[in-house]
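Enquirer:
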Amino acid sequence: MAQDNVRQLADWLEENMTAIIDRKVSLNVSEIFAVLDGFGVLNNPVAKYLDITEETYYQSESDHKLTLSDDRKLLMDVTDRIMVTHVDGILADNKVNFEYSHEAVYEDQYLVKRDLEVLTYGLAVIGAVAATVKHNLIQADLSKDAVLSLALAAQNIANWQANQ
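With UniProt numbering applied, the sequence shown has no gaps in its numbers, which climb one by one up to 164 at the end.
Below, the structure written as structure tokens:
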């Protein structure tokens, strides 16, 4: 994982948030997925998760932070997100603890700005940590469901941009 890539991507997302929402700048899902895959948290590349059912993911890999409401639905349709909100720990002791919150990205309609905030803020927090700790600490403590949430946010934003 290239620490600079995570921070640069988070900075780019923040700088371009309005343009992304206004559909003046397209989100590059492949670039985001490459960064997420670089964390080494999920067992497979993130793109493979979008077309599996909630039940399959829940049974095989979920760390049960994400609210999954219908076993038969595809993960791509999940409306809950896990936002990486902050991190604490003792770096000298090689301890890192990510903290999370739930964010709903649908309230009568899709809230693209909220997904963009989940993606931007999560990558900013992870990027700050990546600059100061060993990769294996991120890999060990970062939630699988949080990484999946970042992928879902990115893919949903890109789909929203393409469909309107």
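Built from N, CA and C at the ideal position, the CB exists for glycine as well.
1) Is it true that the CB of residue 160 sits closer than 8 Å to the CB of residue 110?
2) With a threshold of 8 Å on Cβ separation, who are the neighbours of residue 15 within its own chain once the five nearest residues in sequence on each side are excluded?
3) Using the rule of at least 16 other Cβ atoms within 10 Å of the residue's Cβ for burial, across every protein chain shown, is residue 97 buried or exposed?
4) Rank 154, 163, 145 by C-alpha distance to the C-alpha of residue 54 and give the top, closest one.
5) Taking the alpha-carbon positions, what's the residue 118 to residue 71 distance?
6) State buried or exposed for residue 140, treating a residue as buried only when at least 16 other CB atoms are found within 10 Å of its CB.
7) On the three-state DSSP scale, how would you describe residue 52?
8) Let's test the definition: count the other Cβ atoms within 10 Å of the Cβ of residue 155 and tell me whether it reaches 16, buried, or not, exposed.
9) For the putative contact between residue 125 and residue 91, defined by C-beta atoms under 8 Å, what is the C-beta separation to the nearest angstrom?
10) What number of angstroms, rounded off, separates the C-alpha of residue 136 from the C-alpha of residue 129?
11) Tell me, which residues are paired with residue 121 by DSSP?
12) Taking its Cβ as the centre, do 16 or more other Cβ atoms sit within 10 Å of residue 103, making it buried, or is it exposed?
13) What's the gap between the Cα of residue 78 and the Cα of residue 50?
Expert: According to the data block:
1) Stepping through the sequence shown from its first residue, residue 110 is reached at position 110. Stepping through the sequence shown from its first residue, residue 160 is reached at position 160. In this structure, the beta-carbon distance from residue 110 to residue 160 falls below 8 Å.
2) Counting from 1 along the sequence shown, the entry for residue 15 is found at position 15. So the list is empty, once near-sequence residues are dropped.
3) Here residue 97 refers to the residue found at position 97 when the sequence shown is read from its first residue. Around the CB of residue 97, fewer than 16 other CB atoms lie within 10 Å, so the residue is classed as exposed.
4) Here residue 54 refers to the residue found at position 54 when the sequence shown is read from its first residue. Of the residues 154, 163, 145, the one whose Cα lies closest to the Cα of residue 54 is 145.
5) Translated into positions along the sequence shown, residue 118 becomes position 118. Translated into positions along the sequence shown, residue 71 becomes position 71. Roughly 24 Å separates the two Cα atoms.
6) Locating residue 140 in the sequence shown gives position 140, counting from the first residue. Burial call: exposed.
7) By 1-based counting over the sequence shown, the position of residue 52 is 52. Secondary structure at residue 52: coil, using DSSP grouped into helix, strand and coil.
8) Taking the first residue of the sequence shown as 1, we reach residue 155 at position 155. Classification of residue 155: buried, given that the 10 Å Cβ count is 16 or more.
9) As a position in the sequence shown, residue 125 is number 125, starting the count at 1. As a position in the sequence shown, residue 91 is number 91, starting the count at 1. Not quite, the Cβ-Cβ distance comes to about 15 Å (not below 8 Å), so this is no contact.
10) Residue 136 sits at position 136 when you count from the first residue of the sequence shown. Residue 129 sits at position 129 when you count from the first residue of the sequence shown. The alpha-carbon atoms of residue 136 and residue 129 are separated by roughly 12 Å.
11) As a first step, residue 121 is located in the sequence shown; it is residue number 121 there, counting from the start. DSSP lists no partner for residue 121.
12) Locating residue 103 in the sequence shown gives position 103, where the first residue counts as 1. With 16 or more other Cβ atoms within 10 Å, it is buried.
13) Along the sequence shown, read from residue 1 onward, the residue named residue 78 stands at position 78. Along the sequence shown, read from residue 1 onward, the residue named residue 50 stands at position 50. Those two C-alpha atoms are separated by around 10 Å.
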